[in-house]
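Trainee: So the sequences go chain by chain: R and E. Counting the first sequence from 1 gives a position; this note's numbering is that position plus 7. Counting the second sequence from 1 gives a position; this note's numbering is that position plus 7.
2 protein chains.
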Amino acid sequence: MPFLESLRGYQSRVETALAHWLPAADIQPDHLHQAMRYAVLGDGKRIRPVLVYASGEAFGVDLAVLDGPACAVEMIHAYSLIHDDLPVMDDDDLRRGKPTVHKAFDEATAILVGDALQSLAYQLLSGNQEVVNGKTQLQMLNVLSEAAGAAGMVGGQSLDNEAIGHDLTLSELETMHSLKTGALIRSSVVLGGMSHAQASESQLGALTQYASHIGLAFQIQDDILDETSDTETLGKPQGSDRQQNKPTYVSLLGLDQARDKATELADQAIASLSGFPGSADRLRELAFYVVERIH
Amino acid sequence: MPFLESLRGYQSRVETALAHWLPAADIQPDHLHQAMRYAVLGDGKRIRPVLVYASGEAFGVDLAVLDGPACAVEMIHAYSLIHDDLPVMDDDDLRRGKPTVHKAFDEATAILVGDALQSLAYQLLSGNQEVVNGKTQLQMLNVLSEAAGAAGMVGGQSLDNEAIGHDLTLSELETMHSLKTGALIRSSVVLGGMSHAQASESQLGALTQYASHIGLAFQIQDDILDETSDTETLGKPQGSDRQQNKPTYVSLLGLDQARDKATELADQAIASLSGFPGSADRLRELAFYVVERIH
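As C-alpha cells, then:
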C-alpha cells in the first residue's frame, strides 16, 4: 500500500476508535462530554497514534490490538494541547483550525476536559482489551504515565514556561523538547513495539533510538513551519513562538541549518531500524514524512 | 490500638511514602518538583489513604502493599484540589492552612503540578510494587482512573461548576457529590479491599456500600463545617460555599436535619460491614470519625 494511503488508514482508524471511546455527548455530564469530543475529534495529524500503529505493524501486530494504546497517546496529547493553549500558558485562540477549547467553551471547562482526557487514557489502557498479557499491559501503563508526567511531557512544558524571555543554548533547547514532545513520541513508538509479546529489549531500544531522532526532527520541522508557513495551513497562529520570544531551532540555527539538521535526524532514525525487516517500512517512510510535512 | 493512634499511624505512614515517591526538589525540572512537593506534603487529613489502609487491614493485608494505592488516591485528590482552587474555578487562596499552589507559585505552575500529579498516581500504581497480581493491579488502575475521570470526580466537578447560581434539588446535589467526592472515596475503600487477592465480589460490594454512605456523610459534614467552623480550624476560607451561592446540604436541609442525616449515613455505613469480622473495626470507627471531625 502506498505510504499516504496507509497514513490515511491509520488516521481514519484512530478517529473511529476515539469517537467510540469518548463519552457520549448526550449523557450527563453532557457539557463536559461535548467539550471532550470537541477537543479530540476532527482534524489532527494523529502523529502519535500513527507511530503506535506503524511500530506495531513492524512486528505484525493486529491493528485491533493497537487501538487502545493509539487512542491513549492521542488523549494524552490532546489534553496537553488544551492546557498549553490556556491564557495563563501559551494563550492561543486557534488549534487544528478551530477555536481552542477555552474559547469555544470556557477556561474552567478546558481545565476539566484536559483532566478527564488524561484519566481516560489510563482507563482505556487498563481496561479489558485485546492485549499481549497483564504484565506487559502494566508496563505499558508505566511507560505512558512516566512519559506524560514530570519526568516527561509536563516536565518539558515546565522548562518551556521558564525559558520564555531567556536565552537557551542548543543543548538546553534539546533537553526541553526531548521532554515536552519527545517523551510522548518515544512512548508511542515503544508502546507499539510492546504490543508484540516477543519484542526484545534490543528491539525496543532500537525503536527508542528511532523515536528520539524523529521526535527531535518533528520539533525542528514545527519550528521551521512556524516561521515559513501561514496560519490557515497550520491551523494555529503562525509566528507565535517568535511573538512570545520563545527560543526555537530556527532562531538558534537559522533556517538552512535547521533544515539540514532535520534531514540528518530522519536519516539517523532510519539507520536505527537497520535490524528490522521490510515490515518496518512504514516507520521508515514516517521519518521522511515528519520532515517533509507542510503542517 | 486506640483509633486516633492508628489514624495518626496511617497519616504518618502515607506522608513518608508520598515524600519518597514525589520527585526530589533539587533535580530538574526543579521548579515543578518543588511545587509538587509543596502541594502534596505537610498538613492534610489524608482521609482517602486512611481508607485504603483501613480497608486493606480489614483483610489482613500488609501495610507495605497498601502504600502504592494509598499514595495514588492522595495524589489524585491533591491534584483535584489544586485545579479546583484556580481563579477560573473556585478561586481559593488558602488550602490546608497555607497559600494555594497558584498563590505560592503561579497559575501555569498550578495547572502543570496537577497534571503531573495525576500522571504520577498511575505511574505509581503501575510500577513494580508488592502487589497481589498483574491482573488485579490492572483492575485497580481501571477502578482508579474511572473514579478520577468524567464518570467520577471530574464529571462531578463539571456538574458543580454548572450548578453555581442555580437551584438544585436534594437528589441533584447528591448526584453531584456522589461523583465529585464520592467516586474517589469509594475507589479508595475498594482499592484497599482489592489489595487482598481473595476479596470476593460480595465483599467488594459491601465495601462500596460502606464507602457510598461515608462519602455522602463526609460531604454533609464538610457543608456543616463550612457554616459552623472558622477559617483557622478549617485551613481554608469558612463560608466560601455560601459566598459563591453554591447549594449545600445545610442550605437545602437546615443544620439540624443535615446533622441527623450525616449520623444516619454513618450508621448505615457500619451496617454495610455486618459480614466483616473485627478486623474491619478501623473502618467502623472511621465512619464515626467522618461525621464527628471538626475540620
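Don't be surprised by glycine CBs; every beta carbon is placed ideally from N, CA and C.
Alpha carbon to alpha carbon, how far is E/K105 from R/H173? Give it in angstroms, no decimals.
Mentor: Here residue 173 of chain R corresponds to residue number 166 of the first sequence, with the count starting at 1. Here residue 105 of chain E corresponds to residue number 98 of the second sequence, with the count starting at 1. Using only the alpha carbons, I get a separation of about 31 Å.
Trainee: Going by DSSP, name the residue or residues bridged to E/P106.
Mentor: Taking the second sequence and counting its residues from 1, the one referred to as residue 106 of chain E is at position 99. BP columns for E/P106 point to E/L101.
Trainee: Per the contact definition of three or more C-beta pairs closer than 8 Å, is the segment 175-195 of chain R in contact with the segment 45-53 of chain R?
Mentor: These segments do not touch.
Trainee: Indicate the three-state DSSP secondary structure (helix, strand or coil) for R/S279 in the structure shown.
Mentor: Here residue 279 of chain R refers to the residue found at position 272 of the first sequence. Here R/S279 sits in helix by DSSP.
Trainee: Are the segment 72-79 of chain E and the segment 126-146 of chain E touching by the rule of at least three beta carbon pairs closer than 8 Å?
Mentor: A contact exists between the segment 72-79 of chain E and the segment 126-146 of chain E.
Trainee: Determine, using beta-carbon pairs with one atom in the segment 276-292 of chain R and one in the segment 201-215 of chain R, whether at least three such pairs fall under 8 Å.
Mentor: Segments in contact, yes.
Trainee: Output needed for E/V298: all residues of its chain with C-beta closer than 7 Å, excluding positions within five of it in sequence on either side, in chain order.
Mentor: Residue mapping note: residue 298 of chain E aligns to position 291 of the second sequence, counting from 1. Hits under 7 Å: A224, Q228, A269, T270 and A273.
Trainee: Give me the residue from E/A154, E/Q41 and E/A61 with the minimum Cα distance to R/A305.
Mentor: Nothing about residue 305 of chain R can be reported from this structure: the residues present for chain R run from 8 to 302 only.
Trainee: Which same chain residues end up closer than 7 Å to R/D237 when comparing Cβ atoms and leaving out the 5 residues on each side of it in sequence?
Mentor: Taking the first residue of the first sequence as position 1, residue 237 of chain R is located at position 230. Once the five neighbours on either side are set aside, the close Cβ partners of R/D237 are Q245.
Trainee: State buried or exposed for E/N140, treating a residue as buried only when at least 16 other CB atoms are found within 10 Å of its CB.
Mentor: The count along the second sequence starts at 1 and reaches residue 140 of chain E at position 133. Exposed, because fewer than 16 other Cβ atoms sit within 10 Å of the Cβ of E/N140.
Trainee: Find the residues of chain E that neighbour R/S165, judging by a C-beta separation of less than 7 Å, and give them in chain order.
Mentor: Position 158 of the first sequence, counted from the start, is the residue given in the question as residue 165 of chain R. Correct list: P36, H38, L39 and L119.
Trainee: If contacts are defined as beta-carbon pairs under 8 Å, then R/H220 and R/F66 qualify, I think. What distance do you get, rounded to the angstrom?
Mentor: Along the first sequence, one-based indexing puts residue 220 of chain R at 213. Along the first sequence, one-based indexing puts residue 66 of chain R at 59. About 20 Å separates the two Cβ atoms, so there is no contact after all.
Trainee: According to DSSP, is E/P56 part of a helix, a strand, or is it coil?
Mentor: For this step, residue 56 of chain E is matched to residue 49 along the second sequence. E/P56 falls in the helix class under three-state DSSP.
Trainee: Going by beta carbon distance, what residues of the same chain come within less than 6 Å of R/D74, once the five residues before and after it are set aside?
Mentor: Counting from 1 along the first sequence, the entry for residue 74 of chain R is found at position 67. Hits under 6 Å: A24.
Trainee: If I follow the unbroken alpha helix (DSSP H) through R/K187, where does it start and stop?
Mentor: Taking the first residue of the first sequence as position 1, residue 187 of chain R is located at position 180. Here the alpha helix (DSSP H) through R/K187 covers L177 to K187.
Trainee: Since R/V161 and E/L151 should fall inside the 8 Å C-beta cutoff, what is the C-beta to C-beta distance between them, to a whole number of angstroms?
Mentor: For the purposes of this step, residue 161 of chain R is taken as residue 154 along the first sequence, with counting starting at 1. For the purposes of this step, residue 151 of chain E is taken as residue 144 along the second sequence, with counting starting at 1. At roughly 19 Å, the Cβ-Cβ gap does not stay under 8 Å, so R/V161 and E/L151 are not in contact.
Trainee: Which same chain residues end up closer than 6 Å to R/S195 when comparing Cβ atoms and leaving out the 5 residues on each side of it in sequence?
Mentor: Here the question's residue 195 of chain R lines up with position 188 in the first sequence. Cβ within range, chain order: R55, L58, V59 and V80.
Trainee: Fully enclosed by the segment 20-54 of chain R, which alpha helix (DSSP H) runs are 4 residues long or longer?
Mentor: Taking only runs of at least 4 residues, the alpha helix (DSSP H) segments lying wholly in the segment 20-54 of chain R are 37-47.
Trainee: Measure the alpha-carbon distance for R/L214 versus R/S62 and round it to whole angstroms.
Mentor: For the purposes of this step, residue 214 of chain R is taken as residue 207 along the first sequence, with counting starting at 1. For the purposes of this step, residue 62 of chain R is taken as residue 55 along the first sequence, with counting starting at 1. Their Cα atoms are separated by approximately 8 Å.
Trainee: How would you label R/P30, buried or exposed, when you count the other beta carbons within 10 angstroms and need 16 or more for buried?
Mentor: Here the question's residue 30 of chain R lines up with position 23 in the first sequence. It counts as buried.
Trainee: I want to verify the contact list: residues of chain E whose CB lies under 7 Å from the CB of R/H90, in sequence order.
Mentor: Locating residue 90 of chain R in the first sequence gives position 83, counting from the first residue. Within 7 Å Cβ-Cβ: I118 and D122.
Trainee: Measure the alpha-carbon distance for R/A276 versus R/A294 and round it to whole angstroms.
Mentor: What you label residue 276 of chain R is simply residue 269 of the first sequence in a count that begins at 1. What you label residue 294 of chain R is simply residue 287 of the first sequence in a count that begins at 1. If I take the Cα positions, the gap works out to 7 Å.
Trainee: At which residues does the alpha helix (DSSP H) containing R/H203 begin and terminate?
Mentor: Walking along the first sequence from the start, residue 203 of chain R turns up at place 196. No alpha helix (DSSP H) contains R/H203, which DSSP labels as neither H nor E.
Trainee: With a cut-off of 9 Å, does the C-beta of R/S87 fall near any C-beta of chain E?
Mentor: Taking the first residue of the first sequence as position 1, residue 87 of chain R is located at position 80. Yes, contact with chain E.
Trainee: Just mark R/Q164 as buried or exposed, buried being the case when its beta carbon has 16 or more other beta carbons within 10 Å.
Mentor: As a first step, residue 164 of chain R must be located in the first sequence, where it is residue number 157. R/Q164 comes out buried.
Trainee: Which of the three DSSP states is assigned to R/F225 in this structure?
Mentor: Reading the first sequence from its first residue, position 218 is the one you call residue 225 of chain R. It is helical.
Trainee: When the cut-off is 9 Å and only beta carbons count, does E/S126 lie next to chain R?
Mentor: The residue given as residue 126 of chain E occupies position 119 in the second sequence. Answer yes: the Cβ-Cβ gap between E/S126 and chain R drops below 9 Å somewhere.
Trainee: Pull up the distance between the alpha-carbon of R/F10 and that of R/A287, whole angstroms please.
Mentor: The residue you call residue 10 of chain R lines up with position 3 of the first sequence. The residue you call residue 287 of chain R lines up with position 280 of the first sequence. For R/F10 and R/A287, the distance between alpha carbons rounds to 12 Å.
Trainee: Taking the alpha helix (DSSP H) that E/T238 belongs to, which residues open and close that run?
Mentor: Residue mapping note: residue 238 of chain E aligns to position 231 of the second sequence, counting from 1. E/T238 -> alpha helix (DSSP H) spans T238 to L241.
Trainee: Can you tell me whether R/H27 is buried or exposed? The criterion is at least 16 other CB atoms within 10 Å of its CB, across all chains shown.
Mentor: Against the first sequence, residue 27 of chain R aligns to sequence position 20. By the 10 Å Cβ count, R/H27 comes out exposed.
Trainee: In chain order, what residues of the segment 223-255 of chain E put their CB closer than 9 Å to some CB of chain R?
Mentor: Answer set for the segment 223-255 of chain E: empty.
Trainee: Can you tell which of E/Y296, E/V95, E/A154 and E/T107 has the C-alpha that lies nearest to the C-alpha of E/I89?
Mentor: Your numbering for residue 89 of chain E matches position 82 in the second sequence. Comparing Cα-Cα distances from E/I89 to each of E/Y296, E/V95, E/A154 and E/T107, the minimum goes to E/T107.
Trainee: Would you decide whether E/I34 is buried or exposed? Buried here means 16 or more other CB atoms lie within 10 Å of its CB.
Mentor: Taking the first residue of the second sequence as position 1, residue 34 of chain E is located at position 27. Label assigned to E/I34: exposed.
Trainee: Tell me which same chain residues have a C-beta within less than 8 Å of the C-beta of E/A111, skipping the five on either side of it?
Mentor: Counted from its first residue, the second sequence places residue 111 of chain E at position 104. Excluding residues within five positions, the ones whose Cβ falls inside 8 Å are A42, Y45 and K105.
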